[in-house]
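Residue numbers (the working numbering), protein chains in the order written: chain A, 23 to 250; chain B, 3 to 203.
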């Protein structure tokens with residue numbers, strides 16, 4: 023369960039303070055949650071708070087009762103985060119090394135890490151790319167690797183910040199199918215309405231506030247109404 | 003995309019050699035290069051390194067990618083030494099320089115980063131007493147190697163963008179966006195490190 027309790031976030035721009043998020047209070051227990059809104063509406067700030075990448079300037083965010091500010095390490099072990107640009111997320115030079123990166127410091131033996139990497143490579147059709155330089159993968163393969171590198175640590179919550187923005191139609195559909203099969207709770211920020219059509223709940227952000235919270239179709243209609 | 007400094011999978015004797023042995027030999031070669039004064043010895047060293055590339059079955063295209071950046075400072079260095087010290091000295095200095103850089107590249111081309119970082123972590127472990135975190139030093143090495151192709155791509159994108167807009171503006175029109183993009187990339191990598199729990203174990 024993800025809980026936002028009167029959460030605000032302000033940041034300084036020159037001499038003025040701007041509010042990225044204003045007094046957001048909600049609980050998220052559904053399996054599939056979509057987040058939509060215009061650029062700069064607060065969506066990315068909202069989801070970055072779920073694994074403690076951004077801390078609230080007011081209020082409190084908890085995941086399964088753990089405070090994202092105080093218990094950041096424990097929260098990040100539960101919440102996997104996938105960024106828009108996989109190039110920023112892939113930290114190691116080769117595919118297998120990047121998958122193994124997240125398993126460091128988890129008390130696993132070398133053989134256990136190797137077994138987990140091998141099974142993940144097989145699960146995500148990356149077996150032929152084991153020692154392949156990550157920088158030479160296609161855009162779709164990079165996003166797949168970014169997802170796999172997060173899922174290998176078996177988080178209970180997966181946050182995806184516009185995972186399809188840099189993908190073509192075929193790869194977007196591939197990512198969509200992959201997300202649909204995940205057992206984890208998924209919070210997905212996107213501009214692709216197709217990715218949230220099966221969501222249990224969709225939040226619409228505008229000017230740092232949740233202005234609509236409901237079913238996908240009605241949420242999209244509300245967002246479209248805001249743009250007009 | 004570039005293959006500069008990236009691991010090339012293989013099963014050659016050089017691939018199978020322990021990373022620690024390769025790094026020790028590289029250090030030994032660097033020390034030995036200080037005693038090379040003649041052009042023939044330098045050319046022999048270059049030929050030997052090229053033979054090692056053949057033994058490791060590194061494709062010649064990959065070899066060229068490693069060699070190309072050397073020209074940026076190798077050619078001016080050669081010209082300088084020809085003018086100041088003559089041909090023999092110039093070939094000796096630049097020849098050893100090229101041989102060492104290609105040898106260092108061969109180490110990264112035939113060694114998985116995880117094996118390299120393991121050696122680095124083991125090597126700096128005694129410094130833990132003075133506050134150095136060996137795991138962080140190892141991570142730094144790995145990130146440095148990963149950053150090479152990323153930065154080459156950033157530089158190529160800026161170059162293409164500049165060309166597409168007429169190529170005007172002098173060197174600053176190229177350097178400023180490259181530096182800004184590098185800083186933005188560093189920021190995003192930092193965020194990814196936090197998100198993926200680096201340094202929290």
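Ideal Cβ placement from N, Cα and C applies to all residues, glycine included.
8 Å Cβ cutoff, residue i in contact with chain B
| i | result |
| --- | --- |
| residue 141/A | no |
| residue 78/A | no |
| residue 124/A | yes |
| residue 33/A | no |
| residue 98/A | yes |
| residue 119/A | yes |
| residue 110/A | yes |
| residue 113/A | yes |
| residue 157/A | yes |
| residue 68/A | no |
| residue 107/A | yes |
beta-carbon residue i near the ligand NAD non-hydrogen atom, thresh 7 Å
| i | result |
| --- | --- |
| residue 24/A | The ligand content of the structure shown is nil, which means the ligand NAD is not present either. |
Residue interval of the beta strand (DSSP E) (run including residue i)
| i | result |
| --- | --- |
| residue 31/A | 24-35 |
| residue 56/A | 54-59 |
| residue 49/A | 38-50 |
| residue 235/A | 231-236 |
| residue 102/A | 101-104 |
Cutoff 8 Å: residue i Cβ touching any chain A Cβ
| i | result |
| --- | --- |
| residue 143/B | no |
| residue 55/B | no |
| residue 193/B | yes |
| residue 147/B | yes |
| residue 160/B | no |
| residue 88/B | no |
| residue 23/B | no |
| residue 20/B | no |
Opening and closing residue of the alpha helix (DSSP H) in which residue i lies
| i | result |
| --- | --- |
| residue 31/B | 21-35 |
| residue 207/A | Element bounds for residue 207/A: not the alpha helix (DSSP H) but the beta strand (DSSP E), 207-211. |
Exposure of residue i, with buried meaning 16 or more beta-carbon neighbours within 10 Å
| i | result |
| --- | --- |
| residue 105/A | buried |
| residue 176/A | exposed |
| residue 23/A | exposed |
| residue 11/B | exposed |
| residue 85/B | exposed |
| residue 33/B | exposed |
Check each residue of the region 159-191 of chain A: if its Cβ is closer than 7 Å to any Cβ of chain B, include it; give the result in chain order. none
*Proximal residues, the region 213-235 of chain A versus chain B, C-beta separation under 9 Å*: Correct list: empty, as no residue qualifies.
Exercise for review: Take every Cβ of the region 67-80 of chain B, pair it with every Cβ of the region 241-249 of chain A, and state whether three or more of those distances are shorter than 8 Å.
Suggested key: no
| message | Three Cβ pairs or more, each shorter than 8 Å: is that satisfied between the region 96-113 of chain A and the region 181-196 of chain B? | response | yes
Name, going along the chain, the residues of the region 166-188 of chain B whose beta-carbon falls closer than 8 Å to a beta-carbon of chain A. 187
Please name the residues in the region 112-128 of chain B whose beta-carbon is closer than 8 Å to at least one beta-carbon of chain A, in chain order. 114, 115 and 116
Using a beta-carbon distance cut-off of less than 7 Å, what residues from the region 54-82 of chain B approach chain A?
Under the 7 Å Cβ criterion, the region 54-82 of chain B contributes no residue.
Are the region 31-47 of chain A and the region 228-242 of chain A touching, with three or more C-beta to C-beta distances below 8 Å?
yes
Is the region 131-145 of chain A close to the region 205-214 of chain A, with three or more CB pairs under 8 Å?
no
Notebook entry, point to check: Is it a yes or a no for the region 162-180 of chain A touching the region 139-152 of chain A, going by three-plus beta-carbon pairs under 8 Å?
Noted result: These segments touch.
>> Counting beta carbon pairs with one atom in the region 153-170 of chain B and one in the region 70-78 of chain A, are three or more of them shorter than 8 Å?
In response: Counting C-beta pairs closer than 8 Å gives fewer than three between the region 70-78 of chain A and the region 153-170 of chain B, which falls short of the contact rule.
Is there contact between the region 37-55 of chain B and the region 89-102 of chain B, where contact requires at least three CB pairs shorter than 8 Å?
With the cut-off at 8 Å, the region 37-55 of chain B and the region 89-102 of chain B touch.
Any 3 or more C-beta pairs closer than 8 Å across the region 148-160 of chain A and the region 84-99 of chain A: no
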